[in-house]
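Input: a single structure, listed below in structure tokens.
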Amino acid sequence: MKNAFNILVILGIIPLFLLGAVNVFAPLNTFDLYGIRPLGIMTYSTFRGAIGGMLIGGGLIMLMGLITKNKTWYQSSLLLISVILSCRIISVLFDGWTNDLLPAVITELYIIIVMFFASKQIDASKK
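The numbering of the sequence shown is my numbering, which starts it at 1126 and goes up by one.
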């Protein structure tokens, strides 16, 4: 069971690293995907730093949990992704729904569920 959770955690880390790397190293791909016209350096800086950095940081937090087997890392990632999903829900309330949101929502829900149970699994293995 422990190895299964490790695999599930790794499957959650991969999209965060990939999407983060795309935002840092190829932000034009993200701009095209979302129909954003960069108006200056600040647009690039935001996508490379804030968005790319947050995604890679979230993946690193999960990786630290996997390496250290310390549930605090999993709970930190759980909190971060939960806030992102909450803000996405607020966006849906204000801006409306599009099916283009589905992959992101599914990925975020997946990570939240895996982090919750991975954190519980660490507790159970200590008893």
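Just so it is clear, CB atoms sit at the ideal spot from N, CA and C, and this is done for glycine as well.
Exercise for review: Counting only the same chain and skipping the five closest in sequence on each side, list residues whose C-beta sits under 8 Å from that of Ile1113.
Suggested key: As shown, the chain starts at 1126 and ends at 1252. That puts residue 1113 outside it, with no answer to give.
Practice item. Have a look at Ile1186, Val1208 and Leu1218 and flag the residue whose alpha-carbon is nearest the alpha-carbon of Ile1138. Key: Ile1186
Review point. If we call anything under 8 Å between Cβ atoms a contact, is Ser1207 one with Ile1237?
Key: yes
Point to revise | Trp1222, DSSP secondary structure in three states | key: coil
Practice item. Tell me whether the beta-carbon of Gly1174 lies closer than 8 Å to the beta-carbon of Gly1145. Key: no
**Study point:** Chain-order list of residues whose beta-carbon lies under 7 Å from that of Tyr1169 (same chain, five-residue window excluded)
**Key:** Pro1152 and Pro1163
Review point. How is Ala1229 classed by DSSP in three states: helix, strand or coil?
Key: helix
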